[in-house]
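Inspection log for the structure reproduced underneath, given as C-alpha cells.
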Amino acid sequence: MLTVTGLCKTLPGVRALSEVDFTARAGEVHALVGENGAGKSTLIKVLTGVYQPDAGEMTHDGAPVRFATPSQAQQAGISTIYQEVNLVPLMSVARNLFLGREPRGRLGLIDFRRMHREAEETLRGLGIRVDVRRPLRELGVGAQQMIALARAVAVDARVLIMDEPTSSLEPREVRTLFGVIRTLRERGIAVVYVSHRMDELYEICDAVTVLRDGRVVHTGPLAELDRLRLVALMLGREIGEVRREGLTKFTGSRDTTAPPVLVAENLRVRQRLHDVSVSLRPGEVVGLGGLLGSGRSETAKAVAGALPVDGGRIVVAGEPVRGGSTAAAIRAGVSLLPEDRKTEGIVPGLSVRENIALAALPGLSRFGLVDDARVDRIVDTFMKRLRIKAAGPHQKVGELSGGNQQKVLLARWLALHPKVLLLDEPTRGIDVGAKAEVQALVDELADDGLAVLLISSDTEELIEGSDRVVVLKDGAVVRELTGDAVTEEELMRAIAAVPAGGHDD
Amino acid sequence: MKPTAPLRRTCARTLLAAGLATSLALMAGCAKSEDDSGGDQAATQDKDAGQVVASPSGGSGPTCALDAYGGEKLDLKSATVGFSQSEKEANPFRIAETASLKAEAQKRGVKLLTANAQSQFSKQISDVQDLIAKGADLLVIAPLNSDGWEPVLRTAAAKHIPIVTVDRKINATACKDYVSFIGSDFVEQGKRAADQMIAATGGKGEIAILLGAAGNNVTTERTKGFEDRIAEKAPGLKIVFRQTAEFAREKGQSVTENLIQSKPGIKGVYAENDEMGLGAVNALKGAGKKPGDVKIVTIDGTRNAVQGIVDGWISGVIESNPRFGPLAFQTLDGFTQGRKVAQDIVIQDGSYTGANAKSDLGKAY
Amino acid sequence: MTELSLARGTVDRDRALRLLQDYGVYGGVVVLLLFNFVFTPHFASAENFRTQAVQVAPVLIVALGMALAIGTEGVDLSVGSVMALSTSLLSLYLGYGPWVATLIAVAGGVVSGAASGALVAFVGVQPIVATLSLMVAARGLALVLLPQLKDVHDPGLTALGSGDALGIPYLVLIAAALALLLAFVMRRSTFGRQLLAIGDSRPAARLSGLPVRRVLVVAYVCSGALAAIAGVLATARLTASDPTSLGTLMELSAITAVVVGGTPLGGGRVRVGGTVAGAVLIQLLTTTLIKHDLPPSWTQIAQAVVIVGAVYAARERGRR
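Residue numbers (this note's numbering), protein chains in the order written: chain A, 667 to 1171; chain B, 5 to 369; chain C, 5 to 324.
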C-alpha cells in the first residue's frame, strides 16, 4: 500500500533517519516501535507530508508519490490520529465527522438531516454508539478518538497512522478502540500503530518495524519475535552481552542496612501510576528502569510534588510529606532535576547567578531582601565545583550549552543541600564530555551520602550508575533488580515479561 | 487532581467572598463623607418653575393633533405615563431631568412608571416594551440613540400610545411614529455662549475652545453655533486653540494647563460643558491666575458652574435646561384632549451672568 | 569572506535592535524634548516641566503596577476602575480626615487586586479575563458608592494635589518615591526575583518550589494598591471625586507606557526606568500635539505608531 525505501532525513544537528525502508500493507496492523529519538516521529512526519525527505523513494498504491504538504497526503488517503484529538470540541459529533465536506442542500446550506443520518450510519458501521447531535467535548477522550478514527475512515483513508492512541484511554475504551481497528483491518486499511505498550502491540499488531538511532534494526511479522528480543532490539542491547566490569563497582560499598531516607508507598495517579513504591537509602543510587511511557518520569514527579497523586504516601527522613506541593517536597529535602530541561528546568531569561540562587533564595534573604554577598559566594562555589562554562555569572542561561544548563540546574538543587536528588534523564542531549562530568558528579554526590533516584533511557548508564534498579511497566513496578541481578539482560527480561494473569484492567 | 487542591480553592473563594462582603459592609456601614457646602439640592428644586417654550406652542412649526396621529381622547389624570431614562442618574442633568418628571407627575396626580437603561440601548428598548406591557398609556422617552426604534414604535403604534421624546430626537416621522420632540437648540446655545464671550472679552484677543467628546452631535452643534457667531459679530476674537477634553473635568484641567503655558496671552476659554469649564478653573488656580484673568464661558448650568460665576472665575453659563417635566406633561395633556401641539418644541434655556448668578443660584441644578 | 561580513551584519543588526529596545524610549524622550525646545514657544520653563511632571504622575504610578502584572506574564485591565473605586471611597470616608480616607481607598485597591490575583493564581483564570471582570465590577461598585461627581474641599487633600516641597510638587515626589521603591524591590528582594522567574518560565518556577501563587497574588495586590494611590492623587489634583470618568482608558495608557519602556509582554522582565521613560514619552507626545493645537485624533494615531514601533522591536528580538 504505502512503501518507502532508502529514506534519509537530516534535522538540524542530527541524522534523524538514514536508509529507512518501511512498508505498510493493506489489511495489516504494523507496529512502529523505538525509544526516544529513534526516528519514529520523523518517519511519521515524512509519511504525512510534514517533512520533505532528503533522499529516498515513496510509493503509494504502486505509484511514486511525493507529498509537499500534509493536505496532499490526506488527499492521497493517508490520515493521522494523534494522542491529542484535533477536532473541534464545541461542534457536534456529526459536524466534526463531516467537517469541510458537509452535505449541502439547495442554496449551499448544510443539509443537517442528511448529515446526521449519514454520521449515524458511519459510526454504527464501526460499532460506535453515540448521539451525533451532541457536542464533541461532552464525550470521553476515548469516544472522541473513535470519532477521529471514524472521520479518517469516512474521508476514505487507505493508510491510518496512530500515534500512541491509547496513552490517555481507560482499559474499557482501549477494548473498543481495538474493536474498531480490527474492523478497519478487515476493510483492507493499512494501519501503522505507534505504541510503547508491549501487551497492546502483541494483541493488535501483525507486523513490526523497530527503529533505533534513525535506522531500521528489524522488520517482520510480530509473531516471530518474542518479547525479550523485541525489548533488546529497542534498547539496542544484545542478550547475553553482559558487562560485568561496571556492575560490581558499587555493590558492597554501600551500607544496605541503613534506614531509607525516602519511602514512597503505593503512589497512584489515574491512568499513569498504579501503586508504585520506591525507597532510597542515603548514599544509594537507585535506577528507575522501563520503556518510554512506563511511568518513570511520573514517579519522580509524584515524589517531588510536581504531579498531584490520587493516593499513596511519601516519607522523607521519617517525616511524612504533603503530596502535590513542590515547595513541601523541597522543604523536606527532595529535589527534582526535570526531564524537560528547556521548559521545566531553566529560566532562560535570567542569569546563571539568578538561576542557581532561585530555589535557595528564601534561605539567602533577610527580611525579604536578598543577601547579594552570600549569593555571590554560593554561585562562585558551584560554578567552580561543577565547572560551569559561562562568560560570567551574569550571562543568560538560555545562551549556554545544554551540558552547562544542566550543571546550572544541578547547582540550583545542590545549593539547597537536599537529602534526595531525583534525576530525570540528566545526560540527555548534552555532549559527551559534559555527560561524563555529570555522571562522575552523581557518583560523588552519592558517596557524600545523598540518595539519588536515576532515570535514564541509556540502559548502560542506568545499569552502571545504579546500585539497584526498580523496573516499571505500564505505570506499575514489575521487578526490582538487586545485587548481581543488576544487569542489562535482567532489565530487558523484566520489561519483556508477560504479566501474570493477562492485562490488568 | 491532588486532594488538597479543591479544598484550598474553596478556602480561597470563601476568603475572597468574605473579604468582599466585609469590605462592602464597611463601606455601607460607616461611611462618613465630607460635609458638602452645597446643601440639599432637592429642597431648592422648586425655585425653578420649569421650562418655558422658546417658540410658542402651536406656532410657526408643523403641529400634530390626535386625529392625525390616531388614538383616542383620554384624561391625563386617570392615565399611566411611562418614562424611559437613557443614562444612569449620575450627572446633574439626568438627575434633574428625572426629578423634574417625577415632580410634575406628582403635582398633577398622574401615575408615573420609570425605567433607566443604564446607557445600554438594548436595555432601553426592552424597558420601553416593559412599560407598555405594564399598562403605560403615554410615553416620555429620553432616547440613548437616535436609531433603532422601529420595534418599539411598531408596538406603540399598534396600541395608539402617544410618545414624546425629550433632550434627543429619534429618527422617525413626527406625528406618525411619535408626537413631539422637546429639547434644546444646541446651535443656539453655542451662539449665546459666543455672545457672552464677546461681552466678557470686549470682542478682542485670542480664545480657546474645549471641545466635547468627538463624534457627538452636541459637540458639533455647540461648536458650530459658537464659531459662526464669533465670525459674524466679533472678528477681533481669534480662536487659536481647539482641543477635546471629552466633557470631563480632569481632561479639561490638563488640557487647559498646557494651553495657558504655551499661549500665556489667552483671553478666554469656551468650554462646551460645565465640567470642562470647572477643570479649566482648576488649571487657572494652579497656575496662580486671579479670577477674571481668563474669561470662561460654559454651557449646562450646573450648580458648581453657577457658583463659579459667584466666585468670579466663570464669566457666563448658558443653561441647557433639563426640567422637561412641566412641558412634557403640558404637551401630553393638550394632545390627549384633542388640541394641536407642535412637533418640535424648543425649550427656552436660561443663562447666568455676574448679574443674576447669586440670586438664581437656587435655580441651577 | 562574504559569509563573515554577513554574519557581522546580522550581529550589528541584533545589537542595534537590542539597543533600540533597551534605550529607544530614552532616545524618544530626548528627541521630543529637543523638538519642543526648538519649536514650541514657552516650553523651556520651569512651570511647564512642573505641569508635565504633575500630569504624568498618576499614569506613571499606575504603569508601575502594570509593569509588575506584565512581568508575571499577565496584565491588569482593572487599574482604571480601581482608580474610580479609590476616588469613591476617598470621598465617602473623607469625614474621618484625609489620612483615614486615603488608607481606606488604598485598602479598596488592595482588596480588588487580591480578588484579581486570587482569580489568576488559585482559580486559574486567564489574567485578561480575571482583571476584565474586576474592571467591570470595580467601576460598578465605584458608581454605586458615589453615583456622581462630588467636590472635595478637604484642605489636606487640596494641599496634596497642588502643594510642593522645595518647589517639587508632592505628586511628583510621591511618584518618584514609588518608582525608586519598585526599582529597589525588583533589584534586591526575593519577591522581585521570584516574580521574574515566574514570568519567564512558570513550570520551572513551580518545580523549583517557588511560591507561585503567593507571588502572583502579591503582584496584583501591588498593582491594585498603586492604582488606588494614583486615584487618590488624581482626586487631590482635581479637587473632586469623579468615578464616572476618572481612570477611563487608563489601562491602555499604562500598558503603552510599560511596553514602550521595553518590558516584554511575555513576562520575565520588569524595566522600571523604561516604564518611567515610557510614561514620560507618551505624556510629551500628547502635550506636543496639544500645544501645537493639532486635531485630537492625531494624538491617538501618534500613540498607536509608538506602540507598534515598540512591539515591533520586541518581536524582532523574540523571534531569535
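The beta-carbon is built from N, C-alpha and C at its ideal position, and this holds for glycine as well.
- A check of alpha carbon separations from B:L288 across B:T302, B:V273, B:N277 identifies B:V273 as the nearest.
- Residue contact with chain A for C:L107: absent (no Cβ-Cβ distance below 9 Å to any residue of chain A).
- Residue state for A:C871 is assigned as coil, using DSSP reduced to three classes.
- Residues of chain C whose Cβ lies closer than 8 Å to the Cβ of B:Q89 do not exist; the shortest such Cβ separation is about 13 Å.
- For the pair of segments examined, the segment 319-339 of chain B was found to touch the segment 348-362 of chain B: the number of CB pairs separated by less than 8 Å reaches three.
- Of A:Q1071, A:V686, A:D1133, A:D1124, the smallest CA-CA separation from A:R1019 is found for A:Q1071.
- For C:S249, the chain B residues whose C-beta falls within less than 7 Å of its own C-beta are A252, E254, listed in chain order.
- Taking a Cβ-Cβ threshold of 7 Å, the residues of chain B close to C:G99 are K36, S37, E38, in chain order.
- Comparing alpha-carbon positions, the option among B:A107, B:R233, B:L135 lying closest to B:S88 turns out to be B:L135.
- Within chain A, the residues G1034, L1035, V1036 have their CB atoms less than 7 Å from the CB of C:S193, given in chain order.
- DSSP, read as helix, strand or coil, puts A:R824 in coil.
- Think of a sphere of 8 Å around the beta carbon of A:A993: the chain C residues whose beta carbon falls inside it are G213, L214, P215, in chain order.
- The segment 1056-1076 of chain A makes contact with the segment 1009-1023 of chain A: 3 or more CB pairs, one atom from each, lie closer than 8 Å.
- Taken in chain order, the complete alpha helix (DSSP H) segments of 4 residues or longer contained in the segment 979-1054 of chain A are 992-998, 1018-1023, 1038-1051.
- Among the residues of the segment 146-179 of chain C, those with a Cβ less than 8 Å away from any Cβ of chain B are L147, L149, P151, Q152, L153, K154, D155, V156, H157, D158, S166, in the order of the chain.
- DSSP places A:V670 in the strand class (E or B) of the three-state scheme.
- Assigned with DSSP and collapsed to three states, A:H782 falls in helix.
- Closest in alpha carbon position to A:L668, among A:A704, A:L683, A:G743, A:S684, is A:G743.
- Residue range 241-248 is occupied by the beta strand (DSSP E) that includes B:L241, with no alpha helix (DSSP H) assigned at that position.
- Annotation: Cβ neighbours of C:L200 in chain A (cutoff 9 Å, chain order): V1013, G1015, L1016, E1020.
- DSSP links A:E852 through a beta bridge to no other residue.
- DSSP, read as helix, strand or coil, puts A:F764 in coil.
- Rounded to the nearest angstrom, the gap between the Cα atoms of A:Q738 and A:T714 is 8 Å.
- In the DSSP annotation of this structure, A:Q1061 is not part of any alpha helix (DSSP H), being labelled neither H nor E.
- C:W103 counts as exposed, since fewer than 16 other C-beta atoms from the protein chains shown sit within 10 angstroms of its C-beta.
- If you keep only unbroken beta strand (DSSP E) runs of at least 3 residues inside the segment 286-360 of chain B, you get 299-304, 320-323, 348-352, 355-357.
- Residue state for B:N120 is assigned as strand, using DSSP reduced to three classes.
- Residues of chain C with a Cβ closer than 8 Å to the Cβ of B:F245 are, in chain order, D297.
- Per DSSP, the beta-bridge partners of A:L954 are A:I1121, A:V1136.
- One alpha carbon belongs to C:A238, the other to C:A281, and they sit about 20 Å apart.
- B:C68 has B:V345 as its beta-bridge partners, per DSSP.
- The three-state secondary structure of A:K675, taken from DSSP, is strand.
- The alpha-carbon separation between C:D297 and A:L1027 amounts to approximately 53 Å.
- Cα atoms of C:L37 and C:T292: separation of roughly 9 Å, rounded to the nearest angstrom.
- Distance from the Cα of C:T260 is smallest, within the candidate group C:L23, C:V189, C:Q307, C:V115, for C:Q307.
- Taking 8 Å as the Cβ-Cβ cut-off, the segment 300-311 of chain C approaches chain B at P300, S301, given in chain order.
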